[in-house]
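K.L.:
Line by line, the protein sequences are chains A and B. So the mapping is simple: the working numbering equals the position in the first sequence, first residue as 1, plus 10. So the mapping is simple: the working numbering equals the position in the second sequence, first residue as 1, plus 538. We put the beta carbon where it would ideally sit given N, CA and C, even for glycine. This structure is a prediction, so every number in the text was calculated from the model and none was measured.
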Amino acid sequence: GAGVSQSPSNKVTEKGKDVELRCDPISGHTALYWYRQSLGQGLEFLIYFQGNSAPDKSGLPSDRFSAERTGGSVSTLTIQRTQQEDSAVYLCASSLGVGRLGSPLHFGNGTRLTVT
Amino acid sequence: KQEVTQIPAALSVPEGENLVLNCSFTDSAIYNLQWFRQDPGKGLTSLLLIQSSQREQTSGRLNASLDKSSGRSTLYIAASQPGDSATYLCAVMGSNYQLIWGAGTKLIIKP
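Put into structure tokens, the structure is as follows:
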């Protein structure tokens, strides 16, 4: 497909387990973002990748959260020792570039994570 | 610290009406401003992107304006249709390439 693909679409896990969320950006997009949206809340920035530069991790809420982007394409967001407050929809977006290039973000449909 | 506010939080209008959604931001040092729509259970769809040097962008029945000096943007929807019902989100991109989001306006168009 031509859009941003995220998997799984839904994930239910027990508290304390680790989870991995995957994002396949649009081919050729060098910028990739992870956000999360909790119920009734706005979008919260988590992490941003641009090409081969070091990622901007300033939005990660704790050291239980990590993300990597292999080969400048697919990204994986990992949450270790999940907590109930981690329950949210995790959204991935990609774009051609950043800032002055004025490239809009294209979002995937998200992964709904429920921690029981 | 950039803050983005959207007013109103919710809006319900009859089909066919023209309407305006508002977005305000506190720091005028932005790279661009983007409007998105979010349908229930789905991801976000980019509607319009206005670069910091631009005043407005148009796409079909949608027109977005940007006034950096006053920290405001509006999204104008002409001849509204039931299919326009969604949550509309405004997001501002700053110097760190992060998007700062408003809480959204939930729009309902009544047939």
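Could you confirm whether any beta carbon from chain A is found closer than 8 Å to the beta carbon of S597 (chain B)?
P.N.:
For the purposes of this step, residue 597 (chain B) is taken as the residue at position 59 of the second sequence. It does not; no Cβ of chain A falls within 8 Å.
K.L.:
Kindly list the residues whose CB is nearer than 8 Å to the CB of T612 (chain B), restricted to its own chain and excluding five residues on each side of it in sequence; keep chain order.
P.N.:
Along the second sequence, one-based indexing puts residue 612 (chain B) at 74. Taken in chain order, the residues that qualify are V558, L559, N560, C561, A602, S603.
K.L.:
Does the beta carbon of K21 (chain A) fall short of 7 Å from some heavy atom of the ligand NAD?
P.N.:
Questions concerning the ligand NAD fall outside what the structure shown contains, since it holds no ligand whatsoever.
K.L.:
Relative to the C-alpha of K648 (chain B), which candidate in B:V542, B:I588, B:E553, B:M631 has its C-alpha closest?
P.N.:
Numbered from its first residue, the second sequence carries residue 648 (chain B) at position 110. Nearest C-alpha to K648 (chain B): B:E553.
K.L.:
Hey, does G109 (chain A) have any beta-carbon neighbour from chain B nearer than 8 Å?
P.N.:
Indexing the first sequence from 1 puts residue 109 (chain A) at position 99. Any reading at G109 (chain A) needs caution, since the residue's pLDDT is 49, under 50, leaving its predicted position unreliable; the model's value is listed next. By this cut-off, G109 (chain A) is an interface position.
K.L.:
Taking buried to mean at least 16 other C-beta atoms within 10 Å of its own C-beta, is I615 (chain B) buried or exposed?
P.N.:
On the second sequence, residue 615 (chain B) is found 77 positions in, with the first residue counted as 1. Its Cβ being crowded by 16 or more others within 10 Å, I615 (chain B) is buried.
K.L.:
Can you check which of these residues, B:Y569, B:I646, B:S607, is closest to D622 (chain B) by C-alpha distance?
P.N.:
Numbered from 1 along the second sequence, position 84 holds the residue referred to as residue 622 (chain B). Residue B:I646 is the option with its Cα nearest to D622 (chain B).
K.L.:
In three-state terms, what does DSSP make of S95 (chain A)?
P.N.:
Within the first sequence, residue 95 (chain A) is the residue found at index 85, counting from 1. Per the sequence shown, the amino acid found at residue 95 (chain A) is Glu instead of Ser. In this structure, E95 (chain A) counts as helix in the three-state DSSP scheme.
K.L.:
Who does V558 (chain B) pair with in a DSSP beta bridge?
P.N.:
As a first step, residue 558 (chain B) must be located in the second sequence, where it is residue number 20. Beta-bridge pairing links V558 (chain B) to B:Y614.
K.L.:
How would you label D28 (chain A), buried or exposed, when you count the other beta carbons within 10 angstroms and need 16 or more for buried?
P.N.:
Here residue 28 (chain A) refers to the residue found at position 18 of the first sequence. D28 (chain A) is exposed by the Cβ-count criterion.
K.L.:
Is it right to say V14 (chain A) is buried, meaning 16 or more other beta carbons lie within 10 angstroms of its own, or is it exposed?
P.N.:
Residue 14 (chain A) sits at position 4 when you count from the first residue of the first sequence. When all chains shown are included, V14 (chain A) counts as buried.
K.L.:
Go through its chain and collect everything with a Cβ distance to G26 (chain A)'s Cβ below 7 Å, but skip five positions before and after it.
P.N.:
Position 16 of the first sequence holds residue 26 (chain A). Excluding positions up to five away in sequence, the list reads R91, T92.
K.L.:
Using a beta-carbon distance below 8 Å, is N5 (chain A) in contact with chain B?
P.N.:
Residue 5 (chain A) lies beyond the range of chain A shown here (11 to 126); nothing can be said about it.
K.L.:
For the beta strand (DSSP E) containing L543 (chain B), name the first residue and the last one.
P.N.:
As a first step, residue 543 (chain B) is located in the second sequence; it is residue number 5 there, counting from the start. For clarity, residue 543 (chain B) is Thr in the given sequence; the question names Leu instead. Per DSSP, T543 (chain B) belongs to the beta strand (DSSP E) from 542-545.
K.L.:
Within the 8 Å Cβ cut-off, does S580 (chain B) reach chain A?
P.N.:
Your numbering for residue 580 (chain B) matches position 42 in the second sequence. As written in the sequence, residue 580 (chain B) is Lys, which differs from the Ser given in the question. Yes, contact with chain A.
K.L.:
Could you pull the DSSP bridge partners for P552 (chain B) from this structure?
P.N.:
By 1-based counting over the second sequence, the position of residue 552 (chain B) is 14. Note: P552 (chain B) sits in a beta bridge opposite B:K648.
K.L.:
Around the C-beta of G64 (chain A), are 16 or more other C-beta atoms found within 10 angstroms, so that it is buried, or is it exposed?
P.N.:
Here residue 64 (chain A) refers to the residue found at position 54 when the first sequence is read from its first residue. Per the sequence shown, residue 64 (chain A) should be read as Ala rather than Gly. It is exposed - the Cβ of A64 (chain A) has fewer than 16 other Cβ atoms within 10 Å.
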